[in-house]
Structure formats: structure tokens, C-alpha cells
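Shown next, in C-alpha cells, is the structure this report addresses.
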Amino acid sequence: MFPVLALTWGVLLNSGAERPGPTPSSSLPPVRRLEVGGEVAAPSLDIRISPGRATTLFFDARIRTEEVLLEGRERFHRVGLADDHLVLVPSTTFRQGERLRLEVRFLDGAAPEQLVLWLVVDPMRGEPQVEVFRRVRTAESYRREVEELRARLAQARSELERLQSTGRASSSLEELVAMLGRSSRSLYVQVLESASPQGPDLYAKAIRHVALHSHWSALVLGISAESEGLGWVASGGSLTRDSGQVLELKPPWQSTPLRAEEEQDVVVLLADEAALTPGRYTLKLWDVRGRTLTVDRLVVK
Numbered sequence: 000m001f002p003v004l005a006l007t008w009g010v011l012l013n014s015g016a017e018r019p020g021p022t023p024s025s026s027l028p029p030v031r032r033l034e035v036g037g038e039v040a041a042p043s044l045d046i047r048i049s050p051g052r053a054t055t056l057f058f059d060a061r062i063r064t065e066e067v068l069l070e071g072r073e074r075f076h077r078v079g080l081a082d083d084h085l086v087l088v089p090s091t092t093f094r095q096g097e098r099l100r101l102e103v104r105f106l107d108g109a110a111p112e113q114l115v116l117w118l119v120v121d122p123m124r125g126e127p128q129v130e131v132f133r134r135v136r137t138a139e140s141y142r143r144e145v146e147e148l149r150a151r152l153a154q155a156r157s158e159l160e161r162l163q164s165t166g167r168a169s170s171s172l173e174e175l176v177a178m179l180g181r182s183s184r185s186l187y188v189q190v191l192e193s194a195s196p197q198g199p200d201l202y203a204k205a206i207r208h209v210a211l212h213s214h215w216s217a218l219v220l221g222i223s224a225e226s227e228g229l230g231w232v233a234s235g236g237s238l239t240r241d242s243g244q245v246l247e248l249k250p251p252w253q254s255t256p257l258r259a260e261e262e263q264d265v266v267v268l269l270a271d272e273a274a275l276t277p278g279r280y281t282l283k284l285w286d287v288r289g290r291t292l293t294v295d296r297l298v299v300k
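Following this line, the structure appears as C-alpha cells:
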């Protein structure tokens, strides 16, 4: 009888040891820490869930449980809500690869106040525990940043309006070039030949090379505009030889923006006084809006 009883207890013990459910798979990932908000960008806002297995999300602040939005909530076997965590048990109706939107809102008023996560169905790699931490910023810090951006934008607009209404600030040398450029008695002045200048209703009626030996060299253009070219103020330029060499220019000078039926002098000083040698050139001038006047086959003798 004793051997029979021993054998019976052995069978019962072995069968009892096998009754508990399957042990957790060693392939399950460890607890995941997810940092979001502030200047920290989360590497991924996807959270993997597996049908029949619980996934618990812990938050570092209290959430508005009544405002939690869970896509496909009716298909979950269980949804547990608490002030600072959420437990999800997906049912077997979910299929691999499905994506479900989860939206939570926080009670503390810090930014980000709202968080959107995506639950991705993955039967083999569900994440059992995810801890969500926010790098919070107060709403006041966002307001200060917005005010600073608005101030910078207002300053940029003011500068643009100044350029469009008064022209670029000039030095006395450039003003002198503009004044004396029409006279050949005091300075070396050469009227240059060119192809018809092309631009958005911009016209250069006269182009002159004005220079004072061993001091400076400049191009003076008499420019007028119609329609799309009105309000144009030269803000930059380039001068290129036929060989492809680009000569360095100083920022153009112009007294006032172009107006209808008015001609304005535009002065462009060369950085190197001796750089403008005989040959053919292409001159381009543009304004802050990108409207460009192009003078092809500009001949310097």
C-alpha cells in the first residue's frame, strides 16, 4: 500500500505544480520609461499591447480620468482607470498591427497638458509596464516665449517698412558718388553699353562707371519702375565677368524706394577699386522680396 500511496502523491504534486498559468516569457521587454514634452522629444510614442495580457501605464502626475479617450474601448477585455495610472487588457478581437489612439489630460496645469499615445497590437512583444514622465514647462514660460517671438517679428517688420519707405542708410562717400556721378569734370565717368536690363517692371535708363583713381570705383544706375517694380529698394547685388569670376560688391545705396514716373540713383561700390577691368559683365541687383534687375553684356572699356 505504501508504494501505491507514494506514487499517488507524486502524481498529485506533479500535476499541482503544472496547474498555474504559463510563466512570463523571458522575451518580454523590461519596464519602459517614456519621457515626453518640453524640449525632450520622445523617440517613439508607440506602446505595444498584446491580446489577453495587461499593459499598465503609470503617469508622473494625476490625470483626468473622465476625459481619457481610448479608441476601440469597447473591444478591450478590461480598462482600469486611476488618478495616476491606466491598466489595459486587450481582447482577442484585436489583430496584429492595429493602431489605437489613446489621449490623456493632466490635472496639474503644466505643459504639455495633453498627451497622445498610440497603442500598437503586437501579440508577441506586448509591454507590461510603461512609466510616462513629462519634462514640464509652465504655461507662463510659453507665454514669455511667444511674446519674445512677437517682439522680434515686430522689429523685423519695422525694419522692412523703414527700408521700403526711406531706403538704405548711406555713408557720405556713397552720397558723394551719387551726386558727382553725372559730371565728368571732377571724376572719371564712363557711360556703359549693355543689353536691355530685365526685371519685374524695372528699367535702368543709364549705367555709368564712376571712379576716383586709387580711391574707389563704383557703378551708378538710374533706375525706374512700373507696376510690380514699385517700392523696390536695392538690398544686394552681384557682378560677374564673362569668365565666371565674381567681383565683390559692397551693399547698394539708394535714397528712396522706386515710385511711379520717378528715377532713382542706385550706387554700387566695388570692394576692390582696381577690380573693374575692361571686358563684359553681368550685373544683378535685388531687393528684400527677391525682385531682381539683371543687366547682361555690360561692357567696360
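Note that numbering that gives the first Met the number 0 gives residue 47 to position 48 of the sequence shown, counting from 1, and the numbers run on in steps of one.
A virtual CB, placed ideally from N, CA and C, is assigned to each residue, including glycine.
Predicted model only: the values in this text are computed from it and were never measured.
Do you know offhand how far residue i's Cα is from residue j's?
i      : j      : result
Val265 : Gln253 : 5 angstroms
Val145 : Gln154 : 14 angstroms
Phe105 : Arg151 : 32 angstroms
Asp119 : Leu85  : Correcting the residue type first, residue 119 is Val in the shown sequence and not Asp. About 16 angstroms.
His208 : Ala274 : 12 angstroms
Pro122 : Arg52  : 9 angstroms
Gly228 : Lys204 : 15 angstroms
Pro23  : Glu126 : Model confidence at Pro23 stands at a pLDDT of 46, short of 50, so the residue's coordinates are unreliable; what they give is reported in the following sentence. Approximately 12 angstroms between the Cα atoms of the pair.
Arg258 : Lys300 : 32 angstroms
Arg32  : Phe132 : 7 angstroms
Leu116 : Glu147 : 31 angstroms
Leu220 : Tyr202 : 10 angstroms
Thr64  : Gly96  : 27 angstroms
Leu218 : Leu159 : 25 angstroms
Gln197 : Leu292 : 6 angstroms
Ile302 : Arg124 : The chain is shown only over 0 to 300; residue 302 falls outside these bounds and no answer can be derived.
Arg156 : Ser234 : 16 angstroms
Pro250 : Gly236 : 7 angstroms
Among the options, which residue has its Cα nearest to the Cα of residue i?
i      : options                        : result
Thr55  : Ser237, Arg61, Leu148, Val88   : Val88
Leu297 : Gln128, Arg133, Ile206         : Ile206
Glu192 : Asp59, Pro256, Gly278, Phe58   : Gly278
Pro199 : Arg47, Arg156, Val294          : Val294
Ser242 : Glu73, Thr276, Glu34           : Thr276
Arg288 : Gly230, Val267, Lys249         : Gly230
Arg134 : Glu147, Pro111, Arg156, Gln128 : Pro111
Pro282 : Pro256, Arg124, Leu238         : This sequence places Leu at residue 282; Pro is not what is there. Measuring from the Cα of Leu282, the nearest candidate turns out to be Leu238.
Trp215 : Arg156, Leu268, Val245, Lys249 : Leu268
Arg94  : Ser234, Arg74, Arg290          : Arg74
Arg77  : Gln244, Thr92, Asp83           : Thr92
Leu248 : Glu261, Glu260, Leu284         : Leu284
If you run the structure through DSSP and keep just helix, strand and coil, what is residue i?
i      : result
Gly228 : helix
Ser223 : strand
Gln113 : strand
Glu73  : helix
Glu160 : helix
Leu99  : strand
Ala194 : coil
Arg149 : helix
Arg143 : helix
Ala155 : helix
Leu268 : strand
Pro29  : coil
Leu292 : strand
Gly79  : strand
Leu201 : strand
Pro50  : coil
Val287 : coil
Leu257 : coil
Leu297 : strand
Where does residue i land, buried or exposed, given buried means 16+ other C-beta within 10 angstroms?
i      : result
Tyr187 : exposed
Asp286 : buried
Gln263 : buried
Ala270 : exposed
Val190 : exposed
Leu223 : In the sequence as displayed, the identity of residue 223 is Ser instead of Leu. So Ser223 ends up on the buried side.
Ala194 : exposed
Val103 : buried
Ala210 : buried
Gly108 : exposed
Ala81  : exposed
Val232 : buried
Pro29  : exposed
Leu68  : exposed
Val245 : exposed
Arg301 : Only positions 0 to 300 of the chain appear in the structure, and residue 301 is not among them; the question remains open.
DSSP beta-bridge partners for residue i?
i      : result
Phe132 : Glu34
Phe57  : His84, Glu130
Thr64  : DSSP lists no partner for Thr64.
Thr239 : Val245, Thr281
Phe105 : Ile62
Pro251 : Its beta-bridge partners do not exist; DSSP assigns none.
Asp45  : Trp117
Arg207 : Val190, Val219
Pro89  : Phe75
Please confirm whether any heavy atom of the ligand SAH lies closer than 7 angstroms to the CB of residue i.
i      : result
Pro122 : In the structure shown, the ligand SAH is absent, as is every other ligand, since no ligand is present at all.
Would residue i count as contacting chain E if we go by Cβ distances under 8 angstroms?
i      : result
Asp271 : No chain E is present in this structure, which holds just one protein chain.
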